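Chains A and B supply the protein sequences, listed in that same order. For what it's worth, the working numbering labels the leading residue of the first sequence as 1402, then goes sequentially. For what it's worth, the working numbering labels the leading residue of the second sequence as 512, then goes sequentially. Virtual Cβ for every residue (Gly too), placed ideally from N, Cα, C. Quick caveat, the model's predicted, so the values are computed rather than measured. What follows is a short report on a single structure.
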Amino acid sequence: MAALLEVEGLAKTFGSLRAVDGASLAVEPHSITALIGPNGSGKTTLFNLITGYLSPDSGHVRFDGRDVTGANPGRLYRRGLSRTFQQARVFPQLTVQENLTVAAGYSWAQLFGRRMSAADRERVARLLEEFRMAHVADLFASELSYGQRKLLEFAAVLMSSPKLVLLDEPTAGVNPVMIATMEQHIRERHAAGVTFLIVEHDMPVVMRLCDPVVVLDQGREIFTGPPQAVQTNPLVLDAYLGA
Amino acid sequence: MRSIPYAGQIRGVVFVAALASLPSFNLAHWSINIAVFTLMFAVMSSAWNLFGGFTGYPSLGHAAFFGIGAYTLGLWFEHHAVTTGYEPFLMLPLVGLFAGLIGVVLGAIALRTRADVFAIVTITLLFVVQTLAFNLRGLTHGAQGLALPIPPFAAATFERPFYYVLVALLAATMAITYLTMRSKLGLSLAAVRADEDKARGVGVRTLGVKLLTFSVSVGITAMVGGIWAYYESFIYPQFAIDPLITIGMVLMTFLGGRGTLWGPVIGALILETAQQTLAYELGGSEYYLIAYALVFLLVMLLMPQGIVPSIQSVVRRRRRRAVVDAPGPPPSASSSDRTDVLTRDAVVVEGPR
Ligand SMILES: Nc1ncnc2c1ncn2[C@@H]1O[C@H](COP(=O)(O)OP(=O)(O)O)[C@@H](O)[C@H]1O
Ligand SMILES: [Mg+2]
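In structure tokens, the structure reads:
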């Protein structure tokens, strides 16, 4: 089967720093692929290149059978490629419901429809039910805890019914209960047919959730394989121990 | 809490009806003249707010479009006769459309920048347009100024047609603002204001919604420019394209409250009447500008969010106390009047009130 996302020889330099240096990887449909690597190895930059937030110096990105190198983030989003940010980004001055509604990827004509239609409310209510956030529906996003904001950001990018979701450190900076919650929501959505590419530092989470695992070091992938093989691979150990 | 249905609409209709009945009190010419200028600024700050208030983009170039409107109307009636006196008013929609189209073109360039850079780009635009008005003498007559037809209205009620047209334009602008806030367009603009890059990434058509509101905003501003030019009958580049007009629009919107329906109108009512009255009282001296600045500074120091948002948050806090004091079970967090958020100080862009 053709990969849902293919990244080929992607490169990006900032001044003299090669943040991403010829990285290649493939995400198979219905997988939960992990992207791990030491701090500064270029994971977030790679996400920015894939989702159109940065344009690469060289290399290609193919999504769902099309070349989408350097496409704009909004178009990719509407085509089914969503991402979250390492530092959760929600709209603080909008309510939780509005945060979800605004992310539905609506058409030009819908712009002139109601701010929140009955159909929006219904859809949002279902999603909030799934994420057990119905009790905060009318709060402003600025009033949520950091963990809840991460959850909200994740829920919001599901509004476009994406095929592939890129999560940048979904469990970083949140409490253990929230980690379990996040993990469960990823599993549920995966079971419903969504493919994931996840940057994750928490190795137990990676071992439980992901297969395969891609390891990035200095802007280039050095290993791709099943989670059990990662911790014994000498290249990976070198990268993490800085040998 | 929402016990009166259509409260917002009723408030709007009462306000417009009150404005429309004002001239029947046979006010003195100087006071109806102040009312005309106050309305001009109420329309312009509402128009500025539609773009600058909702998106957070600090446009300093709106006065350029005021001037474009003034000159467009003036130049048209250099070659067309005015008989009933109402022809220039009928031309206003075309003036707005023309300026709006220019706004689309210029906005497509300027809106690629943000924040301080956008402020500089737009104020540069203002000076470019002013320079053109001075130097395209064949067209604008430069510093000599441009004459418009004298409105053939009876002296006793000379101001009334201008006044009524401005009331209608204010009603239209407020209606557009109200509908924007209630639509997904308003929601998109709020997302742009909160975090534009994130908005882009969740499929919000950021450039499109910015361009659309910018163009409507400058189109309305140009219509006011046209009314002003006809009212004055003679226009000069330095007054038709005046940075003080932009500054007035911005200050009034900030004073009343950005991103609210009533804020810009209240800001204009306070600042423009204060300025005009002080200018009238203190005569030709420039002291009124100091008094004007003091009013502005005082209010902004006490209410940094502007008047309307500050009042809204006080009202919310009251309601919350009322709810907490009331007997019976505590309200659920998802109750529709948002009792849990009463303590918020800065309610920026949300549903209309
Ligand atoms: N916009 C930027 N400008 C300059 N350097 C950057 C920028 N973004 C990331 N970097 C640098 O690129 C390298 C890779 O960063 P990043 O992709 O955030 O790594 P990771 O997510 O794997 O921790 C780091 O050295 C970082 O400092
Ligand atoms: Mg990172």
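- One thing to note: Leu584(B) has its Cβ within 7 Å of the Cβ of Pro599(B).
- Distances taken from the Cβ of Thr1445(A) to the heavy atoms of ligand 2 include one shorter than 6 Å.
- Rounded to the nearest whole angstrom, the C-alpha separation of Leu1552(A) and Ala1505(A) is 16 Å.
- For Val703(B), the enclosing alpha helix (DSSP H) starts and ends at Lys695 to Gly712.
- For Ile752(B), no beta strand (DSSP E) segment is defined, and its DSSP state is neither H nor E.
- Three or more Cβ pairs drawn from the region 725-735 of chain B and the region 542-560 of chain B lie within less than 8 Å of each other, which places the two stretches in contact.
- Going by beta carbons, Val819(B) and Gly768(B) fall inside the 7 Å limit.
- In this structure, the alpha-carbon of Val628(B) lies about 17 Å from that of Ala575(B).
- Distance check between Pro569(B) and each of Tyr791(B), Arg704(B), Leu533(B) and Val713(B) places Arg704(B) closest, using alpha-carbon atoms only.
- Of the residues Gly697(B), Ile801(B), Phe807(B) and Val825(B), the one whose Cα lies closest to the Cα of Leu1495(A) is Gly697(B).
- Collapsing the DSSP output to three states places Phe562(B) in a helix.
- The closest CA to that of Ala1472(A), considering only Ser1543(A), Ile1451(A), Ala1435(A) and Thr1582(A), is found on Ile1451(A).
- Distances from the CA of Thr1596(A) to each of Thr1582(A), Tyr1641(A), Cys1611(A) and His1602(A) were compared; the closest alpha carbon is that of Cys1611(A).
- Counting only residues of its own chain and dropping the five nearest sequence neighbours on each side, Phe577(B) has a CB closer than 6 Å to the CB of Thr732, Gly736 and Ile756.
- In this chain, the beta strand (DSSP E) harbouring Val1600(A) covers Thr1596 to Val1600.
- One thing to note: Pro1613(A) has its Cβ no nearer than 7 Å to the Cβ of Gly1481(A).
- Counting C-beta atoms within 10 angstroms of its own C-beta, Phe552(B) has 16 or more neighbours from the protein chains shown and is therefore classed as buried.
- Relative to the Cα of Arg1524(A), the nearest Cα in the group Glu1499(A), Ile1580(A) and Gly1620(A) belongs to Glu1499(A).
- For Phe1415(A), the beta-bridge partners assigned by DSSP are Leu1418(A).
- At the C-beta level, Leu700(B) and Thr566(B) come within 7 Å of one another.
- Every alpha helix (DSSP H) stretch that sits fully inside the region 1529-1608 of chain A and reaches 4 residues is listed by chain position as 1547-1558 and 1577-1592.
- DSSP places Phe552(B) in the helix class (H, G or I) of the three-state scheme.
- In this structure, Pro1571(A) keeps its C-beta atom at 7 Å or more from the C-beta atom of Met1579(A).
- When secondary structure is reduced to three states using DSSP, Phe745(B) falls in the strand class.
- Distance from the C-beta of Phe1415(A) to the nearest heavy atom of ligand 1 is below 6 Å.
- Residue Asp1569(A) holds the alpha-carbon nearest to the alpha-carbon of Phe1448(A) among Val1615(A), Asp1569(A), Leu1565(A) and Pro1577(A).
- Flagged as an interface residue toward chain B: Phe1492(A), by a C-beta distance shorter than 7 Å.
- Using a 10 angstroms sphere on the CB of Ala779(B), the tally of other CB atoms reaches 16 or more, which defines it as buried.
- Leu789(B) places its beta carbon 7 Å or farther from that of Ala804(B).
- The three-state secondary structure of Ala592(B), taken from DSSP, is coil.
- Of all residues in the region 1463-1481 of chain A, only Asn1473, Pro1474, Gly1475, Arg1476, Leu1477, Tyr1478 and Arg1479 come within less than 9 Å of chain B when Cβ atoms are compared, listed by chain position.
- Between the alpha carbons of Ile521(B) and Tyr1507(A) lies a distance of about 31 Å.
- Identification of residues in the region 687-703 of chain B having a C-beta nearer than 9 Å to some C-beta of chain A yields Leu690, Met692, Arg693, Ser694, Lys695, Leu696, Gly697, Leu698, Ser699, Ala701 and Ala702, given in sequence order.
- Neighbourhood of Ala705(B) in chain A, by CB distance below 7 Å: Phe1492, Pro1493, Gln1494 and Leu1495, in chain order.
- For the pair Thr668(B) and Arg1490(A), the Cα-to-Cα distance works out to about 57 Å.
- Using a CB distance cut-off of 7 Å, Leu1512(A) counts as an interface residue toward chain B.
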